[in-house]
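For reference, the structure discussed in these notes is given below.
Okay, here's the thing in structure tokens:
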């Protein structure tokens, strides 16, 4: 059980707990390439599940996958002014091809707006060419100084959708449609109760008119932005000179969106659901739903293990069998580190009663069931676990959201209580900046479903908006 | 029909025909990033099918997907001497991160042997850690001077398997297992009759003990290497100091393989099967198997189109409907450019006889069938098309393989006849080099199933091997 003892308690040192879990669960490993990580088989299998589910949803909504170049010539990056200012400080520059110095340096894409625009300029000529609904799965690079597995790293696996529309309302609908696809996915598959809303002017994406984000609260009360969907209006399109001949025979500029989620969602999964024993994976995203642990090497136990395995296979339930020569205790602990939603123990004494022991990872509750019932029992158990994990995360999140009516209250909460703070705001960036400087809290997103009643939590002028504030890593 | 008229005849200018087809079928487009291409939705959908089929085969054979860093520090690339000499001249170098010059420059991976070895050194300690059977799907970069869509480009989408084994025989088996998985895939899905064999010392991969390749012959008789599987022995492992404690309690060095295929297979698909009307896709790899073309806008035709579409959907047969306002002739031509295996025409006169017209893309043969039979008719038609395409490609390939008994014969064939030449060889690289210099033909691979009887086609000394020679792009 040495493995488990090596996990730092999450209440003692959350950052250390996190790196212990990602490492011991076999999700990532460190490489000798500074700032880059290795995604190990178990971590990559989670990403493959995320890709499969999301990609199907993108295709259902008529999006098509493409692959754009990974390099952006400096002159191309420079076309949209706000955008280049946002990204140039954190890109990696290729300056040599073999032994030859390049005439123009190329950055490794930090995001691909300019590449898509450059292409759209070429292929969008008429209203018949619209909408264009492209997406790509790829790796992007941002030259971060400090890194943290899945959460902040120099290389990021993600998908980026880039769409062009004939009208503003179509583009706005697309922005919200994709935001809600993300939201449903994170709630229903990842069991993460994300808060969804519009970013402030200060926090929006470089070049966007409006950015929407999905904000998840980690166990320690810190916010993690789990995805974004942007409405660009005609900004990029104008900079790139993209125009189409509309039905009325006039030249118009199209409206644009982009949206993306990354492997950071794996970081959220860990930090929302994990506990001191390790990872806890929701059944709907777990690459392996069940671990079978035979206790002992008796022939009858072997037969039962084989029988149960065959049943699971037939019912299309993913599983592994731990046949190692370790002790049961060690195996249980390892299964808990890995976060398999359900553990089946097959022991001698149970067998005599035609029973097997089922342990759910989320609550660690044990039940004995008749082994013949296994494939009817499991699907409803998975449902229960999925729901319970969501509700537990929701309850914890809600218990860590506070309302601050004035600056004193804000200070009191920000200083003493981890979590999010809801507050009224006048709309002035100076007040947002003050919260950032004083408490290291950024605005997460606007609250759009609550009445605005009162004054700005910073300057005390009349409030025009309400905001979530939260710390980030 | 302007689109079709714009395709150059493949017998007039094959290179031009190829670029016309990749462009007009909507597979790729040129980007303003020199040397990089854009893979368009239809081209990317073919790659997705290839990935899906191969990935399932990799997983069936117990391989696991991972993701390694995309950058390689120069010092890491330098560890294996032959390897760095092979790749250093063609890598892209990152020298700046944001505005800061890097202490050590990083190349964008041209292949990931050194990254896997660096990682394996860390995680392989005992015989229990073996075998390690990792694969990754990613983009690699090679700084090519001249490019050709799918065939040679600066950015390449591929998969690379990297495995480590306790024994030589296990590693050799793995090398051949993966070679045969590729071979089966290319024969059965791509309908490409690949020639499979070992590379000569001169042509093997930088750092390998043995390289095996899959050699496809294009319509113009030129060879395209469609994939490789390498046996590394202990070379890299020794350079990296990878050792494991074996069952007998002694430290041993493991044996290694690597294997990969790329989007180049799409290039082969086009150049093996395409014709002057455009692409011809084998049903087993086509993203869309059927195009339905309603002729006219009559209500009855609309109903029948809907009925047929529903039937295909129910039978899980991928299809599109061309509802555009173009002429039937234009639609037929477009369908042919795209290479959909089967076209269904729904016309007024046919309807009166309860018939629909079926046109297969490979032979352009037309038949009329009772529309009620469609979903039983199609699967067997797909089978026929698949087989016919393979046999046609095989017959053409075989008709363009020649035997040269001596240098005069070799010269005669190499000068006048496109295709491959089989010849005896003494095993001396000087003779291989002479063929390369005189005729611009490289050895493709060794022939291992034919008796060696005679003298070297170049030096006339006793032959010890037989080779395929062929030109490449």
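Residue numbers (this note's numbering), protein chains in the order written: chain A, 61 to 533; chain B, 61 to 533. The C-beta atom is built at its ideal place from N, Cα and C for all residues, glycine as well.
Minimum C-alpha distance to residue i - residue among the options
i: residue 457 of chain B; options: B:75, B:154 and B:251; result: B:251
i: residue 425 of chain B; options: B:436, B:431, B:414 and B:401; result: B:401
i: residue 256 of chain A; options: A:530, A:139, A:506 and A:510; result: A:506
i: residue 194 of chain A; options: B:98, B:70, B:434 and B:301; result: B:98
i: residue 191 of chain A; options: A:215, A:240 and A:222; result: A:222
i: residue 377 of chain A; options: A:476, A:364 and A:352; result: A:352
i: residue 100 of chain A; options: A:299, A:374 and A:326; result: A:326
i: residue 423 of chain A; options: A:379, A:334, A:207 and A:492; result: A:334
i: residue 226 of chain B; options: B:188, B:519, B:103 and B:438; result: B:188
Cut-off 8 Å between Cβ atoms - residues of its own chain near residue i, not counting five sequence neighbours on either side
i: residue 127 of chain A; result: 196 and 198
i: residue 61 of chain A; result: Low local confidence applies: a pLDDT of 38 at residue 61 of chain A is under 50, so the model's placement there is unreliable, and no value is given.
i: residue 294 of chain A; result: 313, 314, 315 and 316
i: residue 338 of chain A; result: 64, 67, 81, 84, 85, 396, 397, 398 and 399
i: residue 384 of chain A; result: 391
i: residue 162 of chain B; result: 154, 155 and 156
i: residue 136 of chain A; result: 174, 175 and 178
i: residue 358 of chain A; result: 408
8 Å Cβ cutoff met for residue i and residue j
i: residue 170 of chain A; j: residue 150 of chain A; result: yes
i: residue 182 of chain B; j: residue 489 of chain B; result: no
i: residue 93 of chain B; j: residue 131 of chain A; result: yes
i: residue 429 of chain B; j: residue 445 of chain B; result: no
i: residue 144 of chain B; j: residue 168 of chain B; result: no
i: residue 442 of chain A; j: residue 461 of chain A; result: no
i: residue 269 of chain B; j: residue 177 of chain B; result: no
i: residue 287 of chain A; j: residue 203 of chain B; result: no
i: residue 332 of chain B; j: residue 453 of chain B; result: yes
i: residue 371 of chain A; j: residue 434 of chain A; result: yes
i: residue 112 of chain A; j: residue 245 of chain A; result: no
i: residue 274 of chain B; j: residue 234 of chain B; result: no
i: residue 347 of chain B; j: residue 449 of chain B; result: no
i: residue 533 of chain A; j: residue 211 of chain A; result: yes
i: residue 165 of chain A; j: residue 336 of chain A; result: no
i: residue 140 of chain A; j: residue 296 of chain A; result: yes
i: residue 207 of chain A; j: residue 103 of chain A; result: no
Residues of its chain near residue i, where Cβ-Cβ distance is below 6 Å and the 5 sequence neighbours each way are ignored
i: residue 73 of chain A; result: none
i: residue 473 of chain A; result: 462, 464 and 481
i: residue 407 of chain A; result: 355
i: residue 323 of chain B; result: 107, 210 and 217
7 Å Cβ shell around residue i - same chain, five flanking residues per side excluded
i: residue 512 of chain B; result: 484, 523, 524, 525 and 526
i: residue 237 of chain B; result: 121
i: residue 466 of chain A; result: 517
i: residue 15 of chain A; result: Because chain A in this structure spans residues 61 to 533, residue 15 of chain A falls outside the shown range and cannot be described.
i: residue 109 of chain B; result: 345 and 347
i: residue 515 of chain B; result: 484, 521, 522 and 523
i: residue 531 of chain A; result: 282, 283, 500 and 501
Contact set between residue i and chain B, taken where Cβ atoms lie within less than 9 Å
i: residue 215 of chain A; result: 127, 129, 130 and 131
i: residue 556 of chain A; result: In this structure chain A extends from 61 to 533, so residue 556 of chain A is not present and cannot be described.
Chain A residues whose Cβ lies nearer than 8 Å to that of residue i
i: residue 207 of chain B; result: Result: empty, since nearest Cβ-Cβ is about 12 Å, beyond 8 Å.
i: residue 179 of chain B; result: 89, 91 and 98
i: residue 211 of chain B; result: Within chain A, no residue comes near residue 211 of chain B; the closest Cβ sits about 16 Å away, beyond 8 Å.
i: residue 174 of chain B; result: Under the 8 Å cutoff, chain A gives no residues; its nearest Cβ is about 10 Å from residue 174 of chain B.
i: residue 517 of chain B; result: Near residue 517 of chain B there are no residues of chain A at all, since even the closest Cβ is about 35 Å away, more than 8 Å.
Partner residues on chain A for residue i, Cβ-Cβ distance less than 7 Å
i: residue 534 of chain B; result: Because chain B here runs from 61 to 533, residue 534 of chain B falls outside it and cannot be looked at.
Interface partners of residue i on chain B, CB under 7 Å
i: residue 81 of chain A; result: Within 7 Å Cβ-Cβ: nothing; residue 81 of chain A doesn't reach chain B, min ~18 Å.
Exercise. What residues in the stretch 94-113 of chain A have a beta carbon less than 9 Å from any beta carbon of chain B?
Worked result: Answer in chain order: 94, 95, 96, 97, 98, 99, 100, 101, 102, 103, 104, 105, 107 and 108.
Exercise. Quick one, which residues of the stretch 116-130 of chain B are near chain A if we go by CB-CB under 9 Å, in chain order?
Worked result: Cβ contacts with chain A: 124, 125, 126, 127, 128, 129 and 130.
For this session: Select from the stretch 136-161 of chain B all residues with a C-beta closer than 9 Å to any C-beta belonging to chain A, and list them in chain order.
Result: Within the stretch 136-161 of chain B, the residues whose Cβ lies closer than 9 Å to any Cβ of chain A are, in chain order, 136, 148, 149, 150, 151, 152, 153, 154, 155, 156, 157, 158, 159 and 160.
For this session: Quick one: which residues of the stretch 186-200 of chain B get their C-beta closer than 8 Å to a C-beta of chain A? List them in chain order.
Result: Answer in chain order: 194, 198 and 199.
For this session: Please list the residues of the stretch 378-399 of chain A that have a C-beta atom closer than 7 Å to any C-beta atom in chain B, keeping them in chain order.
Result: Under the 7 Å Cβ criterion, the stretch 378-399 of chain A contributes no residue.
Problem set entry | Contact set between the stretch 349-363 of chain B and chain A, restricted to residues whose Cβ is under 8 Å from the partner | Those residues of the stretch 349-363 of chain B that come within reach of chain A (Cβ to Cβ, closer than 8 Å) do not exist; the list is empty.
Exercise. Which residues, in chain order, does the stretch 327-351 of chain A contribute to contact with chain B at a C-beta distance below 7 Å?
Worked result: Listed in sequence order: no entries.
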